[in-house]
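Just below is one structure, and these are the notes that go with it.
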Amino acid sequence: SNRNTTTQLHVLFLYSSRQVSSFYEQEKVGHILPIMTQPYDFRQFKSTLPEWEEQILFNERFNYFLQDAEGSPKIILFFEILDFLSMNDAKANFDIQAQESGFRKISWAFLKLVGANGVLNVGGKVRLQLYSPPPRTRSQLHVVEVYDWWAKCPRNNYPSTLYVTVKGIKLPDHVNPSLRSMMAIQQEYHSTSFLDLQNDTSKTILNSGTQVKKEEPFKWSKLPGQVCRLPNKYLFSLKAGDMGCFCIRFSEDGRTLAAGCAGRDGYPVVLYEIPSGCYLREFYGHLNIVYDLCWSKDNQHLLTASSDGTARMWKIEAQATSATKVFPHPS
-10 SNRNTTTQLH VLFLYSSRQV SSFYEQEKVG HILPIMTQPY DFRQFKSTLP
40 EWEEQILFNE RFNYFLQDAE GSPKIILFFE ILDFLSMNDA KANFDIQAQE
90 SGFRKISWAF LKLVGANGVL NVGGKVRLQL YSPPPRTRSQ LHVVEVYDWW
140 AKCPRNNYPS TLYVTVKGIK LPDHVNPSLR SMMAIQQEYH STSFLDLQND
190 TSKTILNSGT QVKKEEPFKW SKLPGQVCRL PNKYLFSLKA GDMGCFCIRF
240 SEDGRTLAAG CAGRDGYPVV LYEIPSGCYL REFYGHLNIV YDLCWSKDNQ
290 HLLTASSDGT ARMWKIEAQA TSATKVFPHP S
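First residue of the sequence shown? That's -10 in the numbering used here, and the numbers climb one at a time after it.
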């Protein structure tokens, strides 16, 4: 029975010289290196239908994927549903390939971004038919196996489908290095020795004086229980995106204002410092209008709800570049 199932995504196209799935990718690759989602634990979620609701980022011009002129690269996305094998399962599995890779291939699907008559399969949720892997075939050297399945083997329907959404988003302006790169534009630390980690921690503490000072309790002029006075003095205006702002919410301490905005580059959640109105940062990830925001009591987390069918949890810290959790919900 399936325990921890993941989806592996392949993107096949002509040569590129940009890092697409890894910051340290070589300049010439025949296909984009595959990326996996996090495993879905059926026992933990007590469900027989896996829902990853995970955003996978490729560092590539979106229009490059959508070219339809003669001689332009034809882009195909391949999805493989994989089941991780335990040690006992691996020993009992007669498939040598499964023993070597550590997982069993359950099903696969494909998506042509430019379909028949130039129709684009992007911008919204697409339902893909899953197919059962064919009996083991001998793939050519340097050829992705699932591509051979698509090109050469008959397709036997697997009794399930996969929902995916392909869309272009704006990349974060700056991503701090990490011990383990989580996206194509994130650099890794070259050394992970304990001494280096200690030095990094010491530098962080020494350089955080201004931040600690900022987090000191702010003394508001209004006393508890005092009647609120209606504002009658203009302070400032804040940028809210090319298409405006759909919701705003002050943090519990009143020091940060979150705004769910919309623009040509996406649907960012922008943070401003209060009472100065200074821009702090913005979170990208939602694929449609953000219509509700909610702060945690300690002001360290922000929950956002969007009509893209997800609610996302963000951690309010300088190093965070993506949502810590993504929750599916009806749009």
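The beta-carbon is built from N, C-alpha and C at its ideal position, and this holds for glycine as well.
Thinking C-alpha only, which one of the options is nearest residue i?
i: C267; options: A247, I278, H275, V279; result: A247
i: P257; options: N288, L71, F235; result: F235
i: P23; options: T37, R238, V108, V133; result: V133
i: Y261; options: Q33, A294, F225; result: F225
i: T(-6); options: L46, L66, S96, Y53; result: S96
i: I64; options: A251, P264, Y53, V108; result: Y53
i: S311; options: R93, E43, P28; result: E43
i: A140; options: T37, K228, G255, F99; result: F99
i: E69; options: N106, I45, T(-4), E306; result: T(-4)
i: I263; options: Q27, F92, A251, E241; result: E241
i: Y152; options: V279, P28, L38; result: L38
i: S265; options: T245, Y147, V259, G107; result: T245
i: Y259; options: F73, K228, K286; result: With the sequence shown as reference, residue 259 is identified as Val, and Tyr is not the correct amino acid for it. The option with the nearest alpha carbon to V259 is K228.
i: G323; options: D57, H290, I45; result: It is not possible to answer for residue 323, since the shown part of the chain is limited to -10 through 320.
i: G233; options: N221, Y223, K222, A251; result: A251
Under 6 angstroms Cβ to Cβ from residue i, same chain only, skipping five residues before and after it: list those, please.
i: F316; result: A300
i: E40; result: P317
i: F67; result: H(-1), F99, V135
i: R270; result: L260
i: E107; result: Reading the sequence as shown, one finds Gly at residue 107 and not Glu. Hits under 6 angstroms: D57.
i: K286; result: E241
So residue i and residue j are supposed to be a Cβ contact under 8 angstroms. How far apart are they, rounded?
i: W138; j: P124; result: At roughly 11 angstroms, the Cβ-Cβ gap does not stay under 8 angstroms, so W138 and P124 are not in contact.
i: L282; j: R253; result: That belief does not hold up - the Cβ atoms of L282 and R253 are roughly 22 angstroms apart, past 8 angstroms.
i: L55; j: L102; result: 6 angstroms
i: W284; j: G243; result: About 10 angstroms separates the two Cβ atoms, so there is no contact after all.
i: K94; j: L71; result: 6 angstroms
i: Y280; j: G230; result: Actually they are not in contact, since the Cβ atoms of Y280 and G230 sit about 14 angstroms apart, beyond 8 angstroms.
i: F325; j: L109; result: Nothing about residue 325 can be reported from this structure: the residues present for the chain run from -10 to 320 only.
Starting from the C-beta of residue i, find all residues in its chain whose C-beta is less than 7 angstroms away, skip the five residues before and the five after it, and write them out in chain order.
i: K156; result: V111, G112, L276
i: G255; result: I158, K159, Y273
i: K114; result: Y152, T154
i: N146; result: Q118, Y120
i: F51; result: G157
Less than 8 angstroms between C-beta atoms, sequence neighbours within five positions excluded: which residues of the same chain meet that for residue i?
i: K314; result: R301, M302
i: H318; result: A294, G298, T299, A300
i: P143; result: P123
i: N288; result: S240, E241, D242, R244, T245, I305
i: Q27; result: T(-5), W41, E43
i: I45; result: L(-2), I24, T26
i: S149; result: S96, L119
Count the C-beta pairs between the segment 211 to 231 and the segment 114 to 126 that are closer than 8 angstroms, then say yes if the count reaches three, no if not. The segment 211 to 231 is not in contact with the segment 114 to 126.
Quick one: complete alpha helix (DSSP H) runs, 4+ long, within the segment 285 to 312? Along the segment 285 to 312, the alpha helix (DSSP H) does not occur as any fully enclosed run of 4 or more residues.
Contact between the segment 290 to 299 and the segment 268 to 280: three or more CB pairs below 8 angstroms? Between the segment 290 to 299 and the segment 268 to 280, the count of Cβ pairs shorter than 8 angstroms is three or higher; the stretches touch.
Going residue by residue through the segment 26 to 54, where are the continuous alpha helix (DSSP H) segments of at least 4 residues, counting only ones entirely within it? Listed in chain order, they are 31 to 34, 51 to 54.
Run through the segment 121 to 160 for me and flag every whole beta strand (DSSP E) of 3 or more residues, listed as ranges in chain order. Those beta strand (DSSP E) runs which fall completely within the segment 121 to 160 and span 3+ residues are 146 to 154.
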